[in-house]
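S.K.: What follows is a single structure, and I will ask about it in a moment.
In our numbering, the protein residues as written are 3 to 363.
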């Protein structure tokens, strides 16, 4: 059964994302505690997918997020404008002068090298988007009147607050009413769930939202804390075990048509093996694999994987093509700094053809 996508001619947007967009401070090759200079980027799990679809794959994307209207918020806006994602659905919050009411999220990231792992430090409490509430966005107008083919959100946004999770549910319910395909990236972040029940609470929320999901990024450990904790990680390592895992999920949630999961073996901070599995309506595919891939900046690779896979499915490509597109896009994203893709569709196609170094079919 193929995904039932609305016609692009009847929709203003190919994809709408819901999530937080933060300002990333990058010390380059220095340490956060030693540097005197930072380069800034915009980034956020759900937003990165929309940006990748716009900049690399040329589709029409928009984002629902919230920012405080101060110079930092306008800097994030300026960076997003360069990314080409439509900003007509950004909610602007008045600045109170010191940020006691609402703030813009920022984070700092060291890329890591060799046996020194990458290290991120978040500063995102009490952000404007964490305070979003049901009713703040007219979802029926966006999905119904403007028209959207695909809606994407995920566990990072839902982890920000109870009200954010409620907004995600509200948006997904509206999307389903209007025949919009829904994808959800489980994306568990321990730091965000630490004071909200940890993995057990995250798994519980994922299970509550799963009945409205068509395309799931994750695995059964994201839906069941017990499975993940008992196994020490994803309970699969080949096509057969991945198929069994996907069938378990789909037997409980028959609405889910696609399940996709990246595979990463960390050799060092800057040398990883990289690939993915995907399941679609009973068929499992394994992607091309990049063995001992050299990495400049690994952040955002999973989001680029998601945007490449979504692009293939939106364009009517088969699962194998879509999976390889996502893996190639993610691999290329790790060769450039920042959260977002700097690749072109031509470069992704070149990487999919196995013409890059270290590709194994």
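Using N, Cα and C, we set each Cβ at its ideal position, and we do this for glycine too.
Apart from the five residues on each side of it in sequence, which residues of its chain come closer than 6 Å, Cβ to Cβ, to residue 62?
M.R.: In the chain shown, residue 62 corresponds to position 60, counting from 1. Taking residue 62 as the centre and dropping the five residues before and after it, the same chain places the C-beta of 15, 16 closer than 6 Å to its C-beta, in chain order.
S.K.: Roughly how many whole angstroms lie between the Cα atoms of residue 11 and residue 86?
M.R.: In the chain shown, counting from the first residue as 1, residue 11 sits at position 9. In the chain shown, counting from the first residue as 1, residue 86 sits at position 84. Looking at the two C-alpha atoms, the distance is approximately 20 Å.
S.K.: May I ask which residues mark the beginning and end of the beta strand (DSSP E) holding residue 123?
M.R.: Along the chain shown, one-based indexing puts residue 123 at 121. Per DSSP, residue 123 belongs to the beta strand (DSSP E) from 121-125.
S.K.: Unbroken beta strand (DSSP E) runs of length 3 or more, entirely within the stretch 208-286: which are they?
M.R.: 217-219, 260-270, 273-282
S.K.: Would residue 173 be called buried (16 or more neighbouring beta carbons within 10 Å of its own) or exposed?
M.R.: Reading the chain shown from its first residue, position 171 is the one you call residue 173. Flag for residue 173 reads buried.
S.K.: By a C-beta neighbour count over all protein chains shown, 10 Å radius and 16 as the cutoff for buried, is residue 128 buried or exposed?
M.R.: By 1-based counting over the chain shown, the position of residue 128 is 126. Around the beta carbon of residue 128, fewer than 16 other beta carbons lie within 10 angstroms, which makes this residue exposed.
S.K.: Could you name the residues of the same chain whose beta carbon sits closer than 7 Å to that of residue 333, not counting the 5 residues immediately before and after it, in chain order?
M.R.: As a working note, residue 333 is residue 331 in the chain shown. Closer than 7 Å at Cβ, skipping near neighbours: 276, 292, 295, 353.
S.K.: Out of curiosity, what's the CA-to-CA distance linking residue 13 and residue 38?
M.R.: Working through the chain shown from its first residue, we reach residue 13 at position 11. Working through the chain shown from its first residue, we reach residue 38 at position 36. Answer to the nearest angstrom: the Cα atoms are 47 Å apart.
S.K.: Quick check: what's the CA-CA separation for residue 345 versus residue 81?
M.R.: To locate residue 345, count along the chain shown from 1; it is residue 343. To locate residue 81, count along the chain shown from 1; it is residue 79. Each residue's Cα considered, the two are about 17 Å apart.
S.K.: Residue 156 bridges to which residues according to DSSP?
M.R.: Reading the chain shown from its first residue, position 154 is the one you call residue 156. Residue 156 is bridged to 187.
S.K.: Taking only the alpha-carbon atoms, compute the straight-line gap between residue 101 and residue 76 and give it to the nearest angstrom.
M.R.: By one-based count along the chain shown, residue 101 stands at place 99. By one-based count along the chain shown, residue 76 stands at place 74. So the two alpha carbons sit approximately 15 Å from each other.
S.K.: Rounded to the nearest angstrom, what separates residue 265 and residue 92 at their Cα positions?
M.R.: Your numbering for residue 265 matches position 263 in the chain shown. Your numbering for residue 92 matches position 90 in the chain shown. The straight-line gap from Cα to Cα measures roughly 33 Å.
S.K.: Would you call residue 185 buried or exposed, if buried means 16 or more other Cβ atoms sit within 10 Å of its Cβ?
M.R.: Stepping through the chain shown from its first residue, residue 185 is reached at position 183. With 16 or more Cβ atoms within 10 Å of its Cβ, residue 185 is classed as buried.
S.K.: Between the C-alpha atoms of residue 117 and residue 60, what's the straight-line distance to the nearest angstrom?
M.R.: Indexing the chain shown from 1 puts residue 117 at position 115. Indexing the chain shown from 1 puts residue 60 at position 58. So the alpha carbons of these two residues sit roughly 38 Å apart.
S.K.: Whole angstroms are fine: how far does the CA of residue 73 sit from the CA of residue 29?
M.R.: Reading the chain shown from its first residue, position 27 is the one you call residue 29. Reading the chain shown from its first residue, position 71 is the one you call residue 73. Going by the C-alpha atoms only, they are around 21 Å apart.
S.K.: Where DSSP assigns a beta bridge to residue 150, which residues make up the other side?
M.R.: The residue given as residue 150 occupies position 148 in the chain shown. For residue 150, which the question treats as bridged, DSSP gives the partners 15.
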